[in-house]
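Numbering (this note's numbering), first residue to last: 1 to 306.
Yeah, the Cβ is synthetic: ideal placement off N, Cα and C, and Gly gets one too.
Since we're looking at a predicted model, the values are computed, not measured.
The structure appears right after this line, and notes come after that.
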Amino acid sequence: MLKATNLSKAYSVGSLGREKFYAVDNVNFEIQEREIVSLIGESGSGKTTIGKLILRLTKPTSGKIVFNDLDITMLKSLKEYYKHVQGIFQDPFSSYNPIFKVDRVFDMVREEFYPSESVNSWKEKVTGVIESIGLNPKEVLGKFPHQLSGGQLQRLLIARALLMETKFLVADEIISMLDASTRIDILNILVKLKERGLSVLFITHDLSLGYYISDKTVILYRGSIMEYGDTEKIFNNSAHPYTKMLLNSIPSLHQKWSNTDASLSGRSAPVGYCKFYDRCPLGDERCKNIELRKVEENHFAACKNV
Ligand SMILES: Nc1ncnc2c1ncn2[C@@H]1O[C@H](COP(=O)(O)OP(=O)(O)O)[C@@H](O)[C@H]1O
Ligand SMILES: [Mg+2]
């Protein structure tokens with residue numbers, strides 16, 4: 001359904017912008033229909049950049065993304081694409097204009113994508129999707145964003161995506177700002193939607209959330225994929241030292257890890273080496289130009305020891 005091939009995104013950095021920093025560095029992955037894939041990585045590992053590339057909020061430096069045989073990196077008009085591919089982000093408040101009632105986000109979908117739909121039949125549809133994600137339309141419609149909770153606002157954004165013919169959802173840290181019980185509700189909504197045919201790229205820095213919800217997992221480190229495959233296999237038979245380190249550092253369910261990234265100390269791996277080289281207990285001269293290798297069926301890791 002969606003396939004990223006040799007996807008890279010470089011930002012210009014340095015005082016004159018002459019240096020290039022690869023936030024996403026030659027990444028390959030695929031997401032099928034009815035599949036939830038979690039993209040897991042520390043803060044700054046390039047997760048949001050991958051989400052933005054899929055949503056065409058930014059263009060790749062090289063490589064491509066193909067959605068149902070359509071190369072979206074080349075798309076001129078995005079309107080049709082956005083009927084099928086939608087994004088939801090960490091802070092639900094930022095998706096609403098505080099001076100308008102929340103109903104406005106639904107009205108705008110009609111005006112923008114379905115102008116021929118009558119106001120009344122649209123209202124019925126809005127009510128229907130709001131009910132389908134477990135909210136009472138009477139309690140939420142007609143309210144201003146500040147009158148609703150983060151969890152309610154986030155659900156309304158999921159409802160908005162459902163009003164379109166959304167087939168693919170980029171969910172970027174969508175529950176980090178919610179309290180624990182609401183988090184599970186939202187995760188369960190995503191699982192239900194998957195059963196109805198939706199695919200989700202679930203971006204998180206929280207391993208336990210990824211484990212809870214996803215069929216497949218991508219472990220990202222400094223813009224490169226360290227490990228990729230069936231979630232069960234990644235968590236129960238991890239092959240990359242980085243993944244193992246992450247899993248060992250989870251003291252309990254739902255705990256976030258602290259940012260221990262060695263890049264903060266100014267060290268980094270030599271060019272062409274595994275990005276984890278300088279932190280890896282097994283790092284040696286063989287850790288160069290390592291592509292993803294097959295560990296077992298539907299399980300790959302970019303490590304010389306595989
Ligand atoms: N517009 C930008 N210009 C320069 N650097 C950026 C820009 N956006 C992101 N970055 C850098 O790219 C890296 C990856 O960022 P991001 O994709 O937001 O990571 P994550 O979502 O995993 O925290 C970070 O080091 C960040 O500082
Ligand atoms: Mg991010």
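Using the C-alpha atoms, what's the distance from residue j back to residue i?
i	j	result
V218	M164	27 Å
L156	I130	7 Å
I290	V200	28 Å
I40	E285	27 Å
V27	K143	42 Å
L282	Y242	11 Å
G150	D103	16 Å
Y277	F113	48 Å
N236	S45	23 Å
D107	A10	37 Å
T260	A239	Confidence at T260 is low in this model, with a pLDDT of 49, below 50, so the placement of that residue is unreliable and no value is reported for it.
D71	I31	15 Å
Select from the options the residue whose C-alpha is nearest the C-alpha of residue i.
i	options	result
L187	P115, G197, K167, L209	L209
K288	N298, A302, K294, V295	A302
S62	N6, T49, F89, S94	N6
G381	P145, L190, Y96, S95	Here the chain covers residues 1 to 306 and nothing more, so residue 381 does not appear.
P145	E124, N97, S118, C280	N97
A161	S238, M245, K3, V109	V109
I175	N136, E139, Q152	Q152
K294	E227, K125, L246	E227
Which residues in the same chain have their Cβ closer than 7 Å to the Cβ of residue i, if we skip the five residues on either side of it in sequence?
i	result
G266	Caution applies to G266, whose pLDDT of 45 falls short of 50 and renders its modelled position unreliable; the value that the coordinates give is listed next. Excluding residues within five positions, none has a Cβ falling inside 7 Å.
K304	R286, C287, I290
Y311	An answer regarding residue 311 cannot be provided, because it is not within the stretch 1 to 306 covered by the chain.
K244	S238
Could you tell me the boundaries of the alpha helix (DSSP H) in which residue i lies?
i	result
T48	47-54
I36	Premise fails: I36 lies in the beta strand (DSSP E), 36-40, not in any alpha helix (DSSP H).
I130	119-132
G150	150-163
Could you name the residues of the same chain whose beta carbon sits closer than 8 Å to that of residue i, not counting the 5 residues immediately before and after it, in chain order?
i	result
E33	M1, K167, G197, S199
T231	S38, G210, Y211, S214, D215, K216, T217
D309	Because the chain is modelled from 1 through 306, residue 309 falls outside the range shown and cannot be assessed.
S94	none
V24	L7, S8, K9, G46, T49, I50, L53, P60, G223
What are the boundary residues of the beta strand (DSSP E) that includes residue i?
i	result
F100	F100 -> no beta strand (DSSP E), and no H or E assigned at all.
L169	168-172
G197	Here G197 belongs to no beta strand (DSSP E), and DSSP marks it neither H nor E.
Leaving out the 5 sequence neighbours to the left and right, which residues in its chain are closer than 6 Å to residue i when beta-carbon positions are compared?
i	result
K233	H299
W257	Legend: pLDDT at W257 = 49, less than 50; position of this residue unreliable, value from coordinates given subsequently. Counting only Cβ-Cβ distances below 6 Å, and skipping sequence neighbours, we find S249.
W122	R110
| query | For the stretch 47-66 against the stretch 75-92, are there 3 or more C-beta pairs whose distance is under 8 Å? | reply | Touching, yes.
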